[in-house]
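Chemist:
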Amino acid sequence: MSVNLQINNFWIERNERQLCRDLSFSVSDGELVRIAGDNGAGKSSLIKAILGWIPIEEGLIRLNGEDITHNRDLLLFDQIYLGHTPGIKSILSVNENLRMYCPNASEVALNEALQQVNLELFDDTPAAQLSAGQKRRVALARLWLTKKRIWFLDEPFTALDAHGVAALEAKIQSQLESGGAVVITTHQPLYHLSPKTVELTP
Numbered sequence: 001m002s003v004n005l006q007i008n009n010f011w012i013e014r015n016e017r018q019l020c021r022d023l024s025f026s027v028s029d030g031e032l033v034r035i036a037g038d039n040g041a042g043k044s045s046l047i048k049a050i051l052g053w054i055p056i057e058e059g060l061i062r063l064n065g066e067d068i069t070h071n072r073d074l075l076l077f078d079q080i081y082l083g084h085t086p087g088i089k090s091i092l093s094v095n096e097n098l099r100m101y102c103p104n105a106s107e108v109a110l111n112e113a114l115q116q117v118n119l120e121l122f123d124d125t126p127a128a129q130l131s132a133g134q135k136r137r138v139a140l141a142r143l144w145l146t147k148k149r150i151w152f153l154d155e156p157f158t159a160l161d162a163h164g165v166a167a168l169e170a171k172i173q174s175q176l177e178s179g180g181a182v183v184i185t186t187h188q189p190l191y192h193l194s195p196k197t198v199e200l201t202p
């Protein structure tokens, strides 16, 4: 299935502050779109508005030509979102956290995902005992398990070491080469990726 996501004339306000107005861009097969802007510019809010989690004042969103402005079900069905926080349960083990998000994944697939993020020795470790970087890598392991076509990654490089950054960049490149699409916010330089940039300015 192809990916063609069009954002047309988005206008977003939060707490009586205008974050963007008449913002338009598209995301297509094999394309990486980087949302850029200063801290507080509204990058995270823009992603959440696209997904329908916060309201827009005006605008239109189409997925493969279909107007989904008032019903994001088609988009939500075929996307994965990773936010600022890892979104994992501290009382669960690393393996249990992945199983919660990916209940149909095989043990082989789970083990391979953990190997990709260098956590294969921590599969039975409670998440509460992990460092911030390890918790981030648990969340990112979901990318090795998903078949979703559109990824929304909000500051995914936070708390990652050089090896983690390289592994994630390689996985993003693999997603693009397979025909998927990625929308990302990051302050991390993308040395091995070539994004299309959407700039949010005050």
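Residue 145 in full-length UniProt numbering is what sits at position 145 of the sequence shown, and the numbering runs on without skipping anything. Yeah, the Cβ is synthetic: ideal placement off N, Cα and C, and Gly gets one too.
1. What residues match up with residue 181 in a beta bridge as DSSP calls it?
2. Is it true that the CB of residue 4 sits closer than 9 Å to the CB of residue 64?
3. Should the stretch 36-49 be called in touch with the stretch 181-200, which here means at least 3 C-beta pairs below 8 Å?
4. Out of 52, 24, 110 and 169, state which residue places its alpha-carbon closest to the alpha-carbon of residue 189.
5. Let me know the secondary structure DSSP gives residue 132 once reduced to three states.
6. Touch check for the stretch 95-112 and the stretch 46-59: three-plus C-beta pairs under 8 Å?
7. Indicate the three-state DSSP secondary structure (helix, strand or coil) for residue 224 in the structure shown.
8. Where DSSP assigns a beta bridge to residue 196, which residues make up the other side?
9. When burial is assigned at 16 or more other CB atoms within 10 Å of the CB, is residue 90 buried or exposed?
10. Could you please give the first and the last residue of the uninterrupted beta strand (DSSP E) stretch that includes residue 21?
11. Per the contact definition of three or more C-beta pairs closer than 8 Å, is the stretch 106-124 in contact with the stretch 133-147?
12. Should residue 181 and residue 28 be called a contact, given that it needs their Cβ atoms to be closer than 9 Å?
13. Span of the alpha helix (DSSP H) holding residue 99?
14. Roughly how many whole angstroms lie between the Cα atoms of residue 121 and residue 167?
15. Might you give, ordered along the chain, the residues of its own chain that have their beta carbon closer than 8 Å to the beta carbon of residue 195, omitting 5 neighbours on each side?
16. Tell whether a beta-carbon distance below 9 Å holds between residue 133 and residue 2.
17. Can you list, in chain order, the residues of its chain with a C-beta nearer than 6 Å to that of residue 101? Leave out the 5 residues immediately preceding and following it.
18. Please work out which residues of its chain come closer than 8 Å, Cβ to Cβ, to residue 163, disregarding the five sequence neighbours upstream and downstream, and give them in chain order.
19. Given this structure, state the Cα-to-Cα distance separating residue 135 from residue 127, to the nearest angstrom.
20. With 16 other CB atoms within 10 Å as the buried threshold, where does residue 154 fall?
Modeler: A quick look at the data gives this:
1. 150
2. yes
3. yes
4. 169
5. helix
6. no
7. Residue 224 lies beyond the range of the chain shown here (1 to 202); nothing can be said about it.
8. 33
9. exposed
10. 17-28
11. yes
12. yes
13. 94-101
14. 17 Å
15. 32, 33, 34 and 184
16. no
17. 142
18. 118
19. 7 Å
20. buried
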